[in-house]
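Everything below concerns the one structure shown next.
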Amino acid sequence: MSEFRYCKLAKEWTLFAPERLKRPKDLNNKKDIYLGEIIHDKCPFDLEREEFTPHEIARVSQDGKWKCRVVPNLYNALSIDIPFQSTRDSFFEKSSGFGAHEVVIETPNHDKQIWNYDFNDLINYFTILQSRVINLKNDDRLAYLSIFKNQGEDAGASMSHSHSQIMGLPFLPKKIKENVEYQKEYFETHNRALFDDILYEELNYEKNIIAQNSEFVLYCPYASQFAFEVKIVSKKKLASLSEFNKSDLSALCDITKEYFSKFYAALGDISFNMIINNAPYKDYDVNTKNYFRFNIEIKPRIYKEAGFEQNTDININVILPETAAKIYKESR
Ligand SMILES: [Zn+2]
6 MSEFRYCKLA KEWTLFAPER LKRPKDLNNK KDIYLGEIIH DKCPFDLERE EFTPHEIARV
66 SQDGKWKCRV VPNLYNALSI DIPFQSTRDS FFEKSSGFGA HEVVIETPNH DKQIWNYDFN
126 DLINYFTILQ SRVINLKNDD RLAYLSIFKN QGEDAGASMS HSHSQIMGLP FLPKKIKENV
186 EYQKEYFETH NRALFDDILY EELNYEKNII AQNSEFVLYC PYASQFAFEV KIVSKKKLAS
246 LSEFNKSDLS ALCDITKEYF SKFYAALGDI SFNMIINNAP YKDYDVNTKN YFRFNIEIKP
306 RIYKEAGFEQ NTDININVIL PETAAKIYKE SR
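Each residue of the sequence shown is one higher than the one before, counting from 6 in the numbering used here.
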């Protein structure tokens with residue numbers, strides 16, 4: 006059973022999840038190892054290996070076969086079946102590990118990575134994510150969904166089969182809460198969304214823009230924290246995947262496909278984290294789209310964070326965004 010413990014010094018929770026220790030590792034397509042013991046010869050995310058995952062939550066099928074599935078994380082750090090309870094622990098405070106923890110198996114093909122996806126693969130992926138954002142919103146115990154993809158060992162992935170994760174939390178992480186409040190205040194002062202102003206200035210500045218279509222801009226942020234970091238940001242007033250219509254999804258797939266073909270041409274098979282930022286469930290209403298923009302962050306893990314970064318939260322980036330954008334633009 007996992008639990009959150011509150012750090013009074015950092016004013017933030019830590020999630021303790023001992024179950025995660027038992028996760029299998031199959032990177033480099035080696036046999037799955039379960040604390041040194043072989044459990045499967047084959048990957049549990051493959052076609053016709055469905056019995057090795059917990060009961061299915063959602064799927065996208067074509068021609069009678071699944072193309073994308075969502076299942077509970079077998080090595081879950083959070084559990085949806087327990088109540089969210091906060092308790093005093095003498096001077097300290099802890100909470101039960103309530104929350105959602107799901108795995109999105111993006112493709113039945115073990116060897117297909119995101120840079121190999123065609124338009125149809127990406128439509129399936131974003132459609133199933135959209136269905137989870139809409140469905141989990143009905144659980145009013147959840148305040149926030151963290152949707153992310155860890156690709157490669159340096160990004161924290163333990164399985165090579167292409168997948169993403171969804172974690173639903175009963176509270177807003179401090180970083181998210183502060184950022185959303187800041188964007189709200191910006192809107193109240195300027196009557197414009199902060200992201201709209203950033204996009205306007207980045208488009209004027211031009212050097213960091215890699216590509217754009219009618220609905221999205223792909224660029225290396227002016228103050229990128231990571232080498233070759235990019236953002237994909239909605240130009241329209243969209244705050245969450247739940248608001249996307251078919252043509253929004255289609256434009257998102259186009260720009261994502263364009264990015265990952267450039268990513269692979271420029272950087273090859275390297276580790277990265279992809280974070281899909283939707284407006285939090287907490288306080289979400291018709292006004293949210295005034296100040297919050299749906300966006301995707303992709304952070305390649307080329308250089309490791311070290312002591313200075315951990316001490317100060319200031320990243321040292323050895324590649325200027327205009328250099329990274331130029332390399333991306335020339336890569337195809
Ligand atoms: Zn597989």
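The beta-carbon is built from N, C-alpha and C at its ideal position, and this holds for glycine as well. Quick caveat, the model's predicted, so the values are computed rather than measured.
Three-state secondary structure (DSSP) of residue 73
strand
Identify the continuous alpha helix (DSSP H) that holds residue 100 and give its terminal residues.
Per DSSP, residue 100 belongs to no alpha helix (DSSP H); it is in the beta strand (DSSP E), 97–101.
Tell me, which residues are paired with residue 173 by DSSP?
105, 150
Using the three-state DSSP reduction, which class does residue 93 fall into: helix, strand or coil?
strand
Quick one: Cα of residue 353 to Cα of residue 12, how far?
Because the chain spans 6 through 337 in this model, residue 353 falls outside it and cannot be assessed.
Minimum C-alpha distance to residue 355 - residue among 239, 85, 77, 209:
Nothing about residue 355 can be reported from this structure: the residues present for the chain run from 6 to 337 only.
Alpha carbon to alpha carbon, how far is residue 281 from residue 152?
5 Å
In chain order, what residues of the same chain have a beta carbon less than 6 Å from the beta carbon of residue 320, not counting five sequence neighbours either side?
230, 314
Going by C-alpha distance, which of 69, 66, 75 is nearest residue 60?
75
Measuring alpha carbon to alpha carbon, tell me which of 26, 121, 82, 89 ends up nearest residue 270.
121
From the DSSP output, in three-state form, read off residue 331 for me.
helix
Extent of the continuous alpha helix (DSSP H) run through residue 258
251–272
So for residue 247, helix, strand or coil by DSSP?
helix
Cβ pair residue 299, residue 243 closer than 7 Å
yes
Distance check for residue 100 and residue 92, CA to CA, integer angstroms please.
6 Å
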